[in-house]
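There are 2 protein chains.
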Amino acid sequence: MADGQYVAGVDLGGTFIKFALLDSQGQVVVRDSVPTRAADGAEIVLERMAAGVRRLAATVGDSAIEAVGVGIPGLVAMETGVTIDLANFPGRWPGVQVASTLGVATGFPVHVINDARAFAVAEHGMGAAQEADVALCVTIGTGIGGGLVVHGQPVFGLGGAAGEIGHLIVREQGPRCSCGNRGCVEMLASGPAIVGEAVRRIAQGFTTDLRRRAGDDLRAVTPEMVTLAAAEGDSVAADVLQEAGYHLGIALAGAIALLAPRVIVIGGGVAQPGGIYWRSAEATARSHSFVTDISQIEFRPAMLGYDAGVIGAALWGRARHAQIAEDTARRSAAPASPA
Amino acid sequence: MADGQYVAGVDLGGTFIKFALLDSQGQVVVRDSVPTRAADGAEIVLERMAAGVRRLAATVGDSAIEAVGVGIPGLVAMETGVTIDLANFPGRWPGVQVASTLGVATGFPVHVINDARAFAVAEHGMGAAQEADVALCVTIGTGIGGGLVVHGQPVFGLGGAAGEIGHLIVREQGPRCSCGNRGCVEMLASGPAIVGEAVRRIAQGFTTDLRRRAGDDLRAVTPEMVTLAAAEGDSVAADVLQEAGYHLGIALAGAIALLAPRVIVIGGGVAQPGGIYWRSAEATARSHSFVTDISQIEFRPAMLGYDAGVIGAALWGRARHAQIAEDTARRSAAPASPA
Chain A
37 MADGQYVAGV
47 DLGGTFIKFA
57 LLDSQGQVVV
67 RDSVPTRAAD
77 GAEIVLERMA
87 AGVRRLAATV
97 GDSAIEAVGV
107 GIPGLVAMET
117 GVTIDLANFP
127 GRWPGVQVAS
137 TLGVATGFPV
147 HVINDARAFA
157 VAEHGMGAAQ
167 EADVALCVTI
177 GTGIGGGLVV
187 HGQPVFGLGG
197 AAGEIGHLIV
207 REQGPRCSCG
217 NRGCVEMLAS
227 GPAIVGEAVR
237 RIAQGFTTDL
247 RRRAGDDLRA
257 VTPEMVTLAA
267 AEGDSVAADV
277 LQEAGYHLGI
287 ALAGAIALLA
297 PRVIVIGGGV
307 AQPGGIYWRS
317 AEATARSHSF
327 VTDISQIEFR
337 PAMLGYDAGV
347 IGAALWGRAR
357 HAQIAEDTAR
367 RSAAPASPA
Chain B
37 MADGQYVAGV
47 DLGGTFIKFA
57 LLDSQGQVVV
67 RDSVPTRAAD
77 GAEIVLERMA
87 AGVRRLAATV
97 GDSAIEAVGV
107 GIPGLVAMET
117 GVTIDLANFP
127 GRWPGVQVAS
137 TLGVATGFPV
147 HVINDARAFA
157 VAEHGMGAAQ
167 EADVALCVTI
177 GTGIGGGLVV
187 HGQPVFGLGG
197 AAGEIGHLIV
207 REQGPRCSCG
217 NRGCVEMLAS
227 GPAIVGEAVR
237 RIAQGFTTDL
247 RRRAGDDLRA
257 VTPEMVTLAA
267 AEGDSVAADV
277 LQEAGYHLGI
287 ALAGAIALLA
297 PRVIVIGGGV
307 AQPGGIYWRS
317 AEATARSHSF
327 VTDISQIEFR
337 PAMLGYDAGV
347 IGAALWGRAR
357 HAQIAEDTAR
367 RSAAPASPA
């Protein structure tokens, strides 16, 4: 087998670190995951990531690995591979040298990317945004992240921060967000936002089956529980999802005004196609978009599901590695020239 | 002189139609303008536009004109050159065939573009957004329009509608916008929004010099008058500009979260660099942006001023014409192949 046919992806999540080995066609040939245990601190978590990469490499041999891509759940400098702020990690990981540490530990070139941008790279490369000139990819889970495709290519923007639709402000005096603003859509339409609003209504004595479903323990309420209760006719649960979807729809309408995308890809565990939340979000976005021909915009479910983050990280590792190789070749091929 | 060195630009405005002839370097060599008199109807206005193009062509000879670009103040289908809705024109111009009518009347290939996108094309091609990978161009006047640059190239999006930052919702239950939504930033930060708020405060008896400046005629209040009064110490006028700038800043913060642009170009008559409105907008955008490194974002005044629209229209006419010629050449050069 020729050298460098495979690329390894690592998706650092709050609960699990996922690993995948992709072949030259982008197909996943090996999957793996380990608990993150972020409380152990960055050094040990980085060792876990390195060990996982070495396990992947052992399946095909080191020389078959072209590069490693790592998805990071938060602010990270793409060029240097150093984290800036991971809001859901203990100590928030300021200045953790992910790329260089993993590079030294594994011997492979390592490139990092924000996890929501990785999701968009995956859906652009292998999923629901493949042929769109302009696409917006949104992933809804613990947070709301996103990534853009423009001119048929992923967009990274300053510091790789383009696509942060979760921090569009949709309610002027809304709840304080972990980012510092008030009323970010992430505070009103993410999984925890749905749970928070459901719990508030249970606590205020609304008539709902949610209390029983949670075994009378408000800490046990999950977005899935709210979704299931709503699907089974619980009007309080349905109302919570309707409102959360409305807020997402207002944010999507803003993104539509700015980007006029042909495709909006929605992924993550919270938004199920055809569910109340999805329908509320899509209907709100459509009924609040007047400056573009909304009838031509398609809302599509993400295609890569649970694997999107790790696939996108791997695809990014490969793309960035090829780009650097090309730039190097061009520089060494160019004749010395003044200035 | 070789044929086709010049391109003509037309900027259809609510008050004036501007014309410019650009040489091969993009320099304006002839300028012209006539009153629009939109009340005369689309047919007569199109005749005025055609006559202006013919006057430009007469200065260099028809064979020296490569193409014509036309900027349209509203929704227009770029591919077909047919208007959809010009909110500030009588009857709103549904379905006016601008490109084909002007093409027949002048004998030149005609390509149309929304006027705010033309502004962005001009600032990207010849102005303040020239070298940016990602830039947001915003023009503030009667409305708030905009255009995007991504991957160093202008973005048009579905139907050419990308960049409509004026229709980002910044106040959930804000005033109704001509687009149909409530609380669009255009309703809170445009020239008319500033005038409306100033007039409201005069009418409510706030202590301000604006009433005297307007000669006791509330219809005489202009954004320039409010700006001048504020600069000369009128605290009511200053407060109106501060608030309008705040709303623009919130919209800019939303666009920053989504796009992570390195450069924000602000133009149009209302926003003067260093003025209260500009400073309020910039400070608000900076203090509400947490998910990208705001210190690296530059706010720049537009460089092309009054000419931006007509230059951008002309540059678009040239770019689109070249693109079509290239596509045609590629198709005729390609060997017939099975689909």
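So the sequence lines, in the order shown, correspond to chains A and B. In terms of our numbering, the numbers along the first sequence are unbroken and rise by one, the last being 375. In terms of our numbering, the numbers along the second sequence are unbroken and rise by one, the last being 375. Beta carbons: idealized from backbone N, C-alpha and C, even for Gly.
Mark B/Glu318 as exposed unless 16 or more other C-beta atoms lie within 10 angstroms of its C-beta, in which case mark it buried.
-> When all chains shown are included, B/Glu318 counts as buried.
Could you spell out where the beta strand (DSSP E) holding A/His147 opens and where it closes?
-> For A/His147, the uninterrupted beta strand (DSSP E) run begins and ends at Val146 to Asn150, by DSSP.
Along the alpha helix (DSSP H) that carries B/Tyr282, what are the first and last residues, could you check?
-> For B/Tyr282, the enclosing alpha helix (DSSP H) covers residues Ser271 to Leu295.
Verify whether the separation of the beta carbon atoms of A/Ala56 and A/Gly40 is less than 8 Å.
-> Result no, Cβ atoms of A/Ala56 and A/Gly40 do not sit closer than 8 Å.
For the segment 290 to 312 of chain B, which residues have a CB atom closer than 9 Å to at least one CB atom of chain A, in sequence order?
-> Those residues of the segment 290 to 312 of chain B that come within reach of chain A (Cβ to Cβ, closer than 9 Å) are Gly290, Ala291, Ile292, Ala293, Leu294, Leu295, Ala296, Pro297 and Arg298.
Run down chain A in chain order and give the residues with a C-beta less than 8 Å from the C-beta of B/Arg207.
-> Neighbours of B/Arg207 in chain A, taken as residues at a C-beta separation under 8 Å, are given in chain order as Glu208.
Please list the residues of the segment 314 to 346 of chain A that have a C-beta atom closer than 8 Å to any C-beta atom in chain B, keeping them in chain order.
-> So the list reads His324, Phe326, Val327, Thr328, Asp329, Gln332 and Ile333, given in the order they occur along the chain.
Mind checking the segment 192 to 207 of chain A against chain B and listing, in chain order, the residues whose C-beta falls within less than 9 Å of any C-beta there?
-> If the cut-off is 9 Å between Cβ atoms, the segment 192 to 207 of chain A has Phe192, Gly193, Leu194, Gly195, Gly196, Ala197, Ala198, Gly199, Glu200, Ile201, Gly202, His203, Leu204, Ile205, Val206 and Arg207 near chain B.
Where does A/Ile53 fall in DSSP's three states?
-> Correct three-state label for A/Ile53: strand.
Mind checking the segment 113 to 144 of chain B against chain A and listing, in chain order, the residues whose C-beta falls within less than 7 Å of any C-beta there?
-> Taking 7 Å as the Cβ-Cβ cut-off against chain A, none of the residues of the segment 113 to 144 of chain B qualify.
Between the beta-carbon of A/Gly107 and the beta-carbon of A/Gly348, is there less than 8 Å?
-> In this structure, A/Gly107 lies near A/Gly348, with their beta-carbon atoms less than 8 Å apart.
What residues in the segment 279 to 290 of chain A bring their beta carbon closer than 8 Å to a beta carbon of chain B?
-> Answer in chain order: Ile286, Ala289 and Gly290.
Less than 8 Å separating the beta-carbons of B/Thr137 and B/Phe155?
-> Contact flag unset, no.
When the cut-off is 8 Å and only beta carbons count, does A/Gly216 lie next to chain B?
-> Yes - at least one Cβ of chain B is within 8 Å of the one on A/Gly216.
Taking the alpha-carbon positions, what's the B/Cys215 to B/Gly179 distance?
-> Approximately 11 Å between the Cα atoms of the pair.
Is the Cβ of A/Arg356 closer than 8 Å to any Cβ of chain B?
-> Cβ-Cβ to chain B under 8 Å: no for A/Arg356.
Could you check which residue in B/Leu122, B/Phe144 and B/Gly127 has the C-alpha nearest to that of B/Gly88?
-> Residue B/Phe144 is the option with its Cα nearest to B/Gly88.
Can you name the start and end residues of the beta strand (DSSP E) that A/Gln189 belongs to?
-> Per DSSP, A/Gln189 belongs to the beta strand (DSSP E) from Gln189 to Val191.
Using a Cβ cut-off of 7 Å, which residues of the segment 164 to 188 of chain B contact any Cβ in chain A, in chain order?
-> So the list reads Val170, Val186 and His187, given in the order they occur along the chain.
Residues of chain A with a CB under 9 Å from the CB of B/Leu351: which are they?
-> Simply none; closest approach about 18 Å.
Pick out whichever of A/Ala100, A/Ile205 and A/Lys54 has its Cα sitting closest to the Cα of A/Ser69.
-> Nearest of A/Ala100, A/Ile205 and A/Lys54 to A/Ser69, Cα basis: A/Lys54.
Would you say A/Leu48 reaches chain B, if we count a Cβ-Cβ gap shorter than 8 Å as a contact?
-> By this cut-off, A/Leu48 is not an interface position.
Thinking just about the alpha-carbon of each residue, which of B/Ala291, B/Arg218, B/Leu254 and B/Gln209 is nearest to the one in B/Val185?
-> With distances taken between Cα atoms, B/Val185 lies closest to B/Ala291.
A/Leu111 vs B/Gln332 beta-carbon contact at 8 Å = No, the pair does not count as a contact, with Cβ atoms beyond the cut-off.
Name the DSSP beta bridge partners of B/Thr155, please?
-> Note on residue identity: the sequence assigns Phe, not Thr, to residue 155 of chain B. Bridge partners of B/Phe155: none, in fact.
Can the beta-carbon of B/Ala274 be found less than 8 Å from the beta-carbon of B/Ala266?
-> The Cβ atoms of B/Ala274 and B/Ala266 lie closer than 8 Å to each other.
Of all the residues that make up the segment 93 to 115 of chain B, which are near chain A by a beta-carbon distance shorter than 9 Å?
-> So the close ones are Leu111 and Ala113.
Which word fits B/Tyr282, buried or exposed, when buried means at least 16 other C-beta atoms lie within 10 angstroms of its C-beta?
-> With 16 or more other Cβ atoms within 10 Å, it is buried.
Please determine, among A/Ile120, A/Ile330, A/Trp314 and A/Arg366, the residue with the shortest C-alpha to C-alpha distance to A/Val299.
-> A/Val299 has its Cα closest to that of A/Ile330, out of A/Ile120, A/Ile330, A/Trp314 and A/Arg366.
Among the residues of its own chain, which have a CB less than 6 Å from the CB of B/Ala86, if the five just before and after it don't count?
-> For B/Ala86, where only same-chain residues beyond five positions count, the Cβ hits under 6 Å are Leu138, Ala141 and Thr142.
A/Arg73 - DSSP class collapsed to helix/strand/coil = In the structure shown, the three-state DSSP call for A/Arg73 is coil.
Using the C-alpha atoms, what's the distance from A/Thr119 back to A/Gly232?
-> The alpha-carbon atoms of A/Gly232 and A/Thr119 are separated by roughly 29 Å.
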